[in-house]
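Each number in the working numbering corresponds to the 1-based position in the sequence shown with 5 added. Glycine residues also receive a C-beta, built at the ideal position from the N, C-alpha and C atoms. Computed from a predicted model, the values in this text were never measured in an experiment. Input: a single structure, listed below in structure tokens.
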Amino acid sequence: MKQTDYTATLSFSNGKPSVEMPVYAGSIGPDVVDIRKLYAQTGMFTYDPGFLSTASCQSTITYIDGDKGELLYRGYPIEQLAEHCDYLDTCYLLLNGELPNVKQRDDFHHLVNQHTMVHEQMQFFLRGFRRDAHPMAILTGLVGAMSAFYHDSTDVHNPEHRHIAAIRLIAKMPTLVAMAYKYKIGQPFMYPRNDLSYSGNFLRMMFGVPCEDYVVNPVLERALDRIFILHADHEQNASTSTVRLCASSGTNPFAAISAGVACLWGPAHGGANEACLNMLEEIQAMGGVAKVGEFMEKVKDKNSGVKLMGFGHRVYKNYDPRAKLMQETCNEVLKELGLENDPLFKLAKSLEKIALEDDYFVSRKLYPNVDFYSGIVQRAIGIPVDLFTGIFALARTVGWIAQLNEMIGDPEYKIGRPRQLFTGSAHRNVKPIEQR
Ligand code: SDX
6 MKQTDYTATL SFSNGKPSVE MPVYAGSIGP DVVDIRKLYA QTGMFTYDPG FLSTASCQST
66 ITYIDGDKGE LLYRGYPIEQ LAEHCDYLDT CYLLLNGELP NVKQRDDFHH LVNQHTMVHE
126 QMQFFLRGFR RDAHPMAILT GLVGAMSAFY HDSTDVHNPE HRHIAAIRLI AKMPTLVAMA
186 YKYKIGQPFM YPRNDLSYSG NFLRMMFGVP CEDYVVNPVL ERALDRIFIL HADHEQNAST
246 STVRLCASSG TNPFAAISAG VACLWGPAHG GANEACLNML EEIQAMGGVA KVGEFMEKVK
306 DKNSGVKLMG FGHRVYKNYD PRAKLMQETC NEVLKELGLE NDPLFKLAKS LEKIALEDDY
366 FVSRKLYPNV DFYSGIVQRA IGIPVDLFTG IFALARTVGW IAQLNEMIGD PEYKIGRPRQ
426 LFTGSAHRNV KPIEQR
């Protein structure tokens, strides 16, 4: 970042001396006011719950222009990456800052392929869970448990350890997600196959059985790979900020990533794809498109607590570019599977059309986000609804790792420790119990 030729002055109407703060500019996007010395100079904090106006770090990884609906991974538009690259190319880009050349690509694919198996004892963890446990509960446990096995890659301050942990996490997440699924349905775990692509291998571990060969459908393989690309990273979202804050204490990469998995689970964040599909099925059960108007009235009634899941975004005040690409993928998959008339897809498109013409949504700049169509395409592929967020976590692991690496590698980094505006009881003394 570079200091600009102008500063910000904070003045107080009560005669308190004003404070001048430097302003920094990035390569693109909003400038920032550097308030790091504010408390030392004024004894005051800024107040920004939810961090609506707070830049927590400087980063070179992902840029979002919410007004334009633009998303860049290391400067490359998501549309071009989805078109010309695969997920592992995208992983290489996010981790290293550049797209791989032919040799780098082959070496990286080979390296990931060689780490797809998990320690054989990890399967015993699953036996401890109830069969009806939510896959995200299982995944949070399994990812954290990796720090109990891979002791040669737990030192977050050691770049070699971080590299090994990154490869292990990227390579093993599909295996762990598939194991969580197989455990739920009572089928045997499928070992990874290194002769398959990253997404082809995942499909086989999910839907293959030991009794027969599994043939990967290339359309589904490509669709899944694109879903992974679209979910790979997204600036300083809630789960990424969780990973950064968690890793800032110096904990190991597996523990920090498991914190990201836990945060992503929430319905306001990565859990929205599951919540969106459940919402569509609920409207469908009520009567489908005919009931959309009634449902929308509930959404617009503040007291209902009902939200149009898969809509709205803290940053995008335009169409989420990932939602457009996801809708295209949806079309391709439904066509391949002969499900063009999928009622939920038609319902989603009618919901979107109505919302984009309704002043409640237009005035609040609420558009479909990445989660609006992702559930429909995953359901068509055969992925169960409660595993959607696990797929999101699988794909987002590389983004979390890249952001963690960037933070730890930043000489300016400190352990994250926000302050507060205290509104509780001031000092008071304990009274004897008979006087309380
Ligand atoms: C992801 O941050 C990221 O980058 C996340 C993510 C990533 O890749 O990491 O993009 C992934 O999490 C996408 C978002 C998935 N969540 C959902 O689809 C859940 C539904 N969306 C909402 O919960 C909401 O839009 C948020 C949480 C996504 C954003 O909320 P904000 O920025 O805090 O905005 P807000 O809640 O203050 O909403 C502003 C207004 C409010 O109305 P008013 O108080 O102004 O009258 O819009 C309304 C909200 O009630 N609103 C919605 C709505 N989203 C916002 N009303 C109905 N349905 C919705 N979905």
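For the ligand SDX, is there a heavy atom less than 6 Å away from the beta-carbon of K296?
Working through the sequence shown from its first residue, we reach residue 296 at position 291. It does not: the Cβ of K296 is nowhere closer than 6 Å to a heavy atom of the ligand SDX.
Beta-carbon separation of F233 and Y92 under 7 Å?
Here residue 233 refers to the residue found at position 228 of the sequence shown. Here residue 92 refers to the residue found at position 87 of the sequence shown. Yes; because the gap between Cβ atoms is below 7 Å, this pair is in contact.
Please list, in chain order, all residues of the same chain as L349 whose beta carbon is under 8 Å from its beta carbon, the five residues on each side excluded.
Sequence index remark: in the sequence shown, residue 349 carries index 344 (1-based). Answer for L349: L282, L285, E286, Q289, I381 and R384, listed in chain order.
DSSP has Y29 in a bridge; who is on the other side?
Taking the sequence shown and counting its residues from 1, the one referred to as residue 29 is at position 24. Partner(s): Q8 and V37.
Once the 5 residues before and after F113 are set aside, which same chain residues still bring their CB inside 7 Å of it?
Translated into the one-based positions of the sequence shown, residue 113 becomes position 108. So the list reads L93, Y97 and P105, once near-sequence residues are dropped.
Going by alpha carbons, who is nearest to I190 out of V221, L225 and L131?
Position 185 of the sequence shown holds residue 190. That would be L131, whose Cα lies nearest to the Cα of I190.
Closest to Y339 by C-alpha separation, out of K305, I386, D111 and S309, would be which residue?
On the sequence shown, position 334 is the one that residue 339 refers to. According to the sequence as given, residue 339 is Leu; it is not Tyr. Nearest option by C-alpha distance: I386.
To the nearest whole angstrom, what separates the beta carbons of S152 and A243, a pair I think is in contact under 8 Å?
Residue numbering aside, residue 152 sits at position 147 when the sequence shown is read from its first letter. Residue numbering aside, residue 243 sits at position 238 when the sequence shown is read from its first letter. No, S152 and A243 are not in contact; Cβ-Cβ is about 22 Å, not under 8 Å.
Can you check DSSP and say which residues form a bridge with E217?
Stepping through the sequence shown from its first residue, residue 217 is reached at position 212. Beta-bridge pairing links E217 to V214.
Going by DSSP, what residues sit across from E75 in a beta bridge?
For the purposes of this step, residue 75 is taken as the residue at position 70 of the sequence shown. Beta-bridge pairing links E75 to D70.
F377 by DSSP, collapsed to three states: which one?
As a position in the sequence shown, residue 377 is number 372, starting the count at 1. If DSSP states are grouped into helix, strand and coil, F377 belongs with the helices.
Rounded to the nearest angstrom, what separates L225 and E337 at their Cα positions?
Looking up residue 225 in the sequence shown gives position 220. Looking up residue 337 in the sequence shown gives position 332. Rounded to whole angstroms, L225 to E337 spans 9 Å at the Cα level.
Taking the CB atoms as reference points, tell me whether A171 and I420 lie closer together than 7 Å.
To locate residue 171, count along the sequence shown from 1; it is residue 166. To locate residue 420, count along the sequence shown from 1; it is residue 415. In this structure, I420 does not lie closer than 7 Å to A171 by Cβ.
Taking the CB atoms as reference points, tell me whether Y418 and Y372 lie closer together than 7 Å.
Looking up residue 418 in the sequence shown gives position 413. Looking up residue 372 in the sequence shown gives position 367. Going by C-beta atoms, Y418 is not nearer than 7 Å to Y372.
Looking at L356: is its Cβ nearer than 7 Å to the Cβ of M178?
Here the question's residue 356 lines up with position 351 in the sequence shown. Here the question's residue 178 lines up with position 173 in the sequence shown. Contact: no.
Provide the residue(s) that pair with Y81 in DSSP beta bridges, ordered along the chain.
As a working mapping, residue 81 is identified with position 76 in the sequence shown. Partner(s): Y78.
Pull up the distance between the alpha-carbon of Y52 and that of F316, whole angstroms please.
Taking the sequence shown and counting its residues from 1, the one referred to as residue 52 is at position 47. Taking the sequence shown and counting its residues from 1, the one referred to as residue 316 is at position 311. Roughly 27 Å between the two C-alpha positions.
For L116, which of helix, strand or coil comes out of DSSP?
For the purposes of this step, residue 116 is taken as residue 111 along the sequence shown, with counting starting at 1. Looking at L116 - three-state DSSP - the assignment turns out to be helix.
Can you name, in chain order, every residue of its own chain whose Cβ lies under 7 Å from the Cβ of H318, other than the five neighbours on each side?
Indexing the sequence shown from 1 puts residue 318 at position 313. Excluding sequence neighbours, H318 sits near D325 and N374.
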